[in-house]
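Enquirer: Have a look at this one.
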Amino acid sequence: MNELQILKSDITQSRVVESKLDIDTPLAAGEILLKVDKFGFSANNVTYAAAGDQLGYWQFFPASNNETETWGIIPVWGFADVVASSVEAVDAGERIFGYYPTNSYLKMQNVKVLESRLVDGAEHRSKLPPGYNTYRRVGKEADYDSNMDNMRMLLWPLYITSFCLWDSLQHNDWHGAKQVIVISASSKTSIGLGYALAADTDAPTSIGLTSKRNQEWVAGLELYDTTINYDALEEIDASIPTVIVDMSGNSQLLADIYAHLGDSLVHCLNVGLTHWSEGGKDTGIPADRREFFFAPSHIQMRIKEWGHEGFDSKSSQFIYDSCKRSAHWIKIEKLDGVEELADIYADVCAGKLPPEKALVIEL
Ligand SMILES: NC(=O)c1ccc[n+]([C@@H]2O[C@H](COP(=O)([O-])OP(=O)(O)OC[C@H]3O[C@@H](n4cnc5c(N)ncnc54)[C@H](OP(=O)(O)O)[C@@H]3O)[C@@H](O)[C@H]2O)c1
C-alpha cells in the first residue's frame, strides 16, 4: 500500500512511500474506510501542489513518514468503494465519487450522511472549502452510469468550473466586454468554457490563446472564434473591450497582454496556474480590474441561492453534454498505481503532455 508524495519546496520532486494509514484497527464510531479504485490527474492537480501552502491543499490528506512536514499529498478526484463502515445507512460495497489522496485508502471521520452525499467531518478538514469535503453516493443517482466514471473524474471538477466561469461572466453582463480571451486555451477547463461560450448566443466573441505547439490542435476543436498563440499577441484587436479568463497564471504573459490592450482590458479572472513556474510577479493589471476566481466559492454562493438540487440541475446537463462532446478528442491513458504516476509526474509538471491526453490512475 503505497502513497505518492510531493516535495512542498520543489513540487517537481516526488517519492513513493509505504502508507502508514491504519486500515486494520476496527473503526471508531462515525468512521468509514474507503478503498480508492481510480482517479484522474491533470494540470489541475499540479496546481493544487503549486498553491498547496497558500490555499491549504496540503491539509486534506496527511502524508506518512513526514515528521518534518516537508512532503505533501496532492488531492485527486476519483472513485472509491466503502470497505468498512461504522456509520448507519452506509454499507460496505457502496461506491463514492469525490476527493481522495494519491493513496489506496481514505478513512473518513465524523461522517455526516445525507441522502445522496457524505461529508467527511475529519477535524483537520473542517476549515477547508466544504465542496471538497462532500462526496457523492453515486448508487443513489437515478442516472448513474459506471461507463462514464473515467470521464466524470477527469472532467467533472474542470467542467463544473467552466460552468461557473460562464455563469459568473454572464451574471456580470460580461463586465461590459465584447470579447473574451481564454488563456491556456488547450486546457480542459478552458475547453469547457469554450463549449459554454459557443452555446451562448449572447456571449461576446472568444479568443483562445495558447502555445504555438498546441495552436493547431486548439483551432481544430473549432470552439473559439479565433485561436492565437502567445507569440502573436498583436493579432488581438486592442480596440475592443476585453475580459480575460486566465488559466495560466503566467505573469509576464498577462503583463504583455495588458500592455497591448491597455484600457480595453476591462476585467481579468485569475483562475489557474497551468504555467505555475511563471507566476507570482506583478502584471500591472490594476487591482480593481482583476479577481481571483475560486470555483468552490462560486458554487457555495449559488447553492445558497438555488439550493443543492437547483445548482445540480442547472450545471449537470452542461457537464454531461460537455463530457459527451469531449469523447471525440480525449485520449485516456491508463496508469497502473501511484508508481506509474510517479514515473510520469515530472512530465505533467513540465507541461509535456499533449492536451488531448488524460491520465487515469487505477489502483
Ligand atoms: N480556480 C478554480 O477554482 C479552478 C478550478 C478548476 C481548475 N482550475 C485551474 O485551471 C487550470 C487548468 O486545469 P486543467 O486540469 O483543465 O488543465 P489541463 O487540461 O491539464 O491543461 C493542459 C494545458 O495546460 C498548459 N500547461 C500545463 N502545464 C504546463 C507547463 N508546465 N508549462 C506550460 N504550459 C502548461 C498547456 O496549455 P497551453 O499550451 O494552452 O498553455 C497544456 O496543454 C489549472 O491551473 C487548474 O488548477 C482552477
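Quick note, the sequence shown lines up with residues 63 to 425 if you use the numbering used here. Backbone N, C-alpha and C fix where the C-beta goes; we use that ideal spot for every residue, glycine too.
(1) How is the alpha helix (DSSP H) around Q116 delimited, first residue to last?
(2) Would a C-beta distance cut-off of 9 Å place T288 and E297 closer than the cut-off?
(3) Quick check: does the Cβ of V280 come within less than 8 Å of any heavy atom belonging to ligand 1?
(4) Starting from the N-terminal side, write out each stretch of the beta strand (DSSP E) that is 3 residues or longer and does not extend beyond the segment 64-124.
(5) Out of T164, R198, N165, V333, state which residue places its alpha-carbon closest to the alpha-carbon of V173.
(6) Could you please give the first and the last residue of the uninterrupted beta strand (DSSP E) stretch that includes E395?
(7) Ignore the nearest five residues each way along the sequence and tell me which others in D182's own chain have a CB closer than 6 Å to its CB.
(8) When DSSP labels each residue in this structure, what does G301 get in the three-state scheme?
(9) Looking at the secondary structure, which residues open and close the alpha helix (DSSP H) in which D344 lies?
(10) Have a look at S248 and G270 and give me their C-alpha separation to the nearest angstrom.
(11) A91 to R364, Cα distance in whole Å?
(12) If we require 4 or more residues per run, which alpha helix (DSSP H) segments fall completely within the segment 241-293?
(13) Should H337 be counted as a contact of ligand 1 given a C-beta to heavy atom distance under 8 Å?
(14) Using 10 angstroms around the beta-carbon of K250, count the other beta-carbons present and answer buried if the total reaches 16, otherwise exposed.
(15) Between the beta-carbon of S273 and the beta-carbon of N291, is there less than 9 Å?
(16) Would you mind listing the beta strand (DSSP E) stretches within the segment 159-212 that are 3+ residues and don't spill past its ends, in chain order?
(17) Measure the alpha-carbon distance for G102 versus V79 and round it to whole angstroms.
(18) If you draw a straight line from the alpha carbon of Y221 to that of A154, how long is it in whole angstroms?
(19) Can you tell me which of the three DSSP states L331 falls into?
(20) In this structure, what does DSSP give as the bridge partners for A142?
(21) Any chance the CB of S104 is under 8 Å from a heavy atom of ligand 2?
(22) Under the DSSP definition of a beta bridge, which residues are partnered with I423?
(23) Does the Cβ of G160 lie closer than 8 Å to at least one heavy atom of ligand 1?
(24) Alpha carbon to alpha carbon, what distance is there between F141 and D211?
(25) For the alpha helix (DSSP H) that contains F380, what are its first and last residues?
(26) Buried or exposed: where does G372 fall if 16 or more other Cβ atoms within 10 Å of its Cβ makes it buried?
(27) Please report how far the alpha carbon of D72 lies from the alpha carbon of D374, in whole angstroms.
(28) Mind checking G201: buried by the 16 CB within 10 Å criterion, or exposed?
Expert: From the atom records:
(1) 114-117
(2) yes
(3) yes
(4) 64-69, 76-80, 94-103
(5) R198
(6) 393-398
(7) M170, N195
(8) Correcting the residue type first, residue 301 is Ser in the shown sequence and not Gly. In the structure shown, S301 sits in coil (DSSP, three-state: anything other than H, G, I, E or B).
(9) Note, D344: premise wrong, no alpha helix (DSSP H); not H, not E.
(10) 8 Å
(11) 33 Å
(12) 250-261, 274-282
(13) yes
(14) buried
(15) yes
(16) 167-170, 179-181, 196-199
(17) 20 Å
(18) 30 Å
(19) strand
(20) V98, I158
(21) For ligand 2, the structure offers nothing, since it holds only ligand 1.
(22) F101, L397
(23) no
(24) 8 Å
(25) 357-388
(26) exposed
(27) 37 Å
(28) exposed
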